[in-house]
Amino acid sequence: MQRWFRKLHRWLGLFFCGLLLFYCVTGIALNHRRAFGYFTDRLRAVYPLAAPVDTSEIAKVIDRLAAMTGEDRPPTVVKITPDGKVALLYGSHGVVTYTFSPGVAEVQRVEKRARQPWFRLNRFHKAVRTHPLWLLLADVTALCLLVVAVTGLFIFRYRRLDWWLLITGCLLLAAGVVLL
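Residue 177 in the working numbering is what sits at position 167 of the sequence shown, and the numbering runs on without skipping anything.
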């Protein structure tokens with residue numbers, strides 16, 4: 011029985027080694043995404059217009075809609091959907107959203123609330139707004155997993171099936187990177 015456990019451990023370890031390496035490297039990158047500019051490039055372009063834009067009419071409409079919500083601050087985002095609905099988003103990522111539908115005499119209010127403890131655990135996993143010591147612990151853990159995975163590759167003698175599993179795991183990793 012112990013022999014089968016060793017084989018199973020070796021086979022699964024080799025198969026998932028590439029995925030584990032990918033998880034470690036991307037985990038460290040995600041922990042420091044602010045340093046990488048959140049992995050986005052902002053391409054800016056300026057286009058000339060025939061005449062200056064007067065946004066006062068749009069501002070009046072937004073002010074009228076915002077007055078109906080009872081909020082004492084201007085909306086963070088104003089969104090107009092293809093079906094004509096107007097949404098006023100307040101707070102970071104639309105914590106509170108008011109939606110006005112055309113032809114309907116009502117406003118829909120949606121407020122996002124974090125589900126505890128899952129929200130906090132998710133933030134710990136992503137190391138978002140956590141203490142720097144937690145970030146350090148997450149990075150050290152990822153590096154240790156990386157070392158264990160790489161050194162594990164040099165411990166065993168490999169058979170044909172072992173090489174096949176290792177190569178298949180790496181190919182799945184490469185396919186995942188290409189498809190994303």
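Glycine residues also receive a C-beta, built at the ideal position from the N, C-alpha and C atoms.
As the structure is a prediction and not an experimental result, all values here were calculated from the model.
{"Asked": "Could you round the C-beta distance between L155 and L30 to whole angstroms and report it? I think they count as a contact, below 8 Å.", "Found": "6 Å"}
{"Asked": "Give me, in chain order, the residues of the same chain whose beta-carbon lies closer than 7 Å to that of A152; leave out the 5 immediate sequence neighbours on both sides.", "Found": "C34, G37, I38"}
{"Asked": "Flag this pair as yes or no: are the beta carbons of L147 and N41 separated by less than 8 Å?", "Found": "no"}
{"Asked": "List the DSSP bridge partners of L22.", "Found": "Per DSSP, none; premise fails for L22."}
{"Asked": "Could you name each continuous beta strand (DSSP E) segment of 3 residues or more that falls completely within the region 68–109, going from the start of the chain to the end?", "Found": "87–90, 96–100"}
{"Asked": "State the beta-bridge partners of R119 as determined by DSSP.", "Found": "Y108"}
{"Asked": "Given this structure, state the Cα-to-Cα distance separating Q12 from L182, to the nearest angstrom.", "Found": "29 Å"}
{"Asked": "Leaving out five residues before and five after R119 in sequence, what residues of the same chain have Cβ atoms less than 6 Å from its Cβ?", "Found": "Y108"}
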